[in-house]
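Q:
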Amino acid sequence: MKDENPEPAADTSERPTPVKALRRHCLWCCNGSRNGVSLCPNKACPLWLFRFGRGPTPEIREAVADIELYPLETEQTGADVAGRSALKSIGANCIDCSGGSKVEARACMIKNCDLHPYRTGKSGHTRQLTNEQRAAAAERVRKLHAKQKMGPAQ
Ligand code: SF4
Ligand code: SF4
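Counted from 1, the sequence shown has number 11 at position 9 by my numbering; the numbering is strictly sequential.
(1) Should the region 18 to 27 be regarded as contacting the region 87 to 100, the criterion being three or more beta carbon pairs within less than 8 Å?
(2) In this structure, how does DSSP classify residue 77 when only helix, strand and coil are distinguished?
(3) Among 58, 61, 99, whose alpha-carbon lies nearest the alpha-carbon of residue 74?
(4) Can you determine whether any heavy atom of ligand 3 sits closer than 7 Å to the C-beta of residue 100, and answer yes or no?
(5) Just checking, does the region 42 to 59 make contact with the region 23 to 32 on the three C-beta pairs under 8 Å criterion?
(6) Please return the same chain residues whose Cβ sits closer than 8 Å to the Cβ of residue 72, not counting the five positions on each side in sequence.
(7) Who are the near neighbours of residue 140 in its chain, counting only those whose CB is closer than 6 Å to its CB and skipping five residues on each side?
(8) Tell me the rounded alpha-carbon separation between residue 77 and residue 116.
(9) Rounded to whole angstroms, what's the CA-CA distance from residue 124 to residue 110? Just pull it up for me.
(10) Buried or exposed for residue 57, please, with buried defined as at least 16 other CB atoms from any protein chain shown within 10 angstroms of its CB.
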């Protein structure tokens with residue numbers, strides 16, 4: 003499990019997309035070397051398909067079609083996960099990083115890991131409201147509650 007990250011994601015508003023986060027993780031894995039990521043021989047890594055920071059080409063998919071991917075417990079080959087998203091690949095990677103445990107992956111406390119927001123394989127993006135939008139929403143709720151207290155119109 004990683005314990006340090008030279009390029010931690012700052013806050014939610016600056017959070018990269020899953021595929022960009024995956025790319026950053028691969029660069030971290032290769033000490034920042036793009037060439038290292040490009041030449042990564044670990045085709046069993048769930049992130050390998052997306053390591054260039056974009057969806058895999060047919061050639062890249064073909065290269066892992068017969069490879070059994072981590073975590074090995076799932077017994078999935080590259081062909082089995084051909085249509086998988088970067089998000090799902092991150093989820094698989096985090097389970098592997100957590101010793102095969104979904105529970106441990108969910109509970110991961112390494113918040114400076116680029117993959118942390120996406121460790122469950124689900125989007126960590128939430129809509130960010132401005133103060134004005136928040137105030138307007140609160141006003142709508144207040145009016146709704148007031149209307150409910152008045153009861154139905156006679
Ligand atoms: S695909 Fe996996 S092993 Fe290869 S650079 Fe990315 S994280 Fe490292
Ligand atoms: S976020 Fe995922 S890859 Fe990063 S340390 Fe946690 S379990 Fe491992």
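Here a beta-carbon is modelled for each residue, glycine too, at the ideal position from N, C-alpha and C.
A: Per the coordinate set shown:
(1) yes
(2) coil
(3) 99
(4) Of the ligands this structure carries, namely ligand 1 and ligand 2, none is ligand 3.
(5) yes
(6) 46, 47, 48, 94, 95, 98
(7) none
(8) 26 Å
(9) 15 Å
(10) exposed
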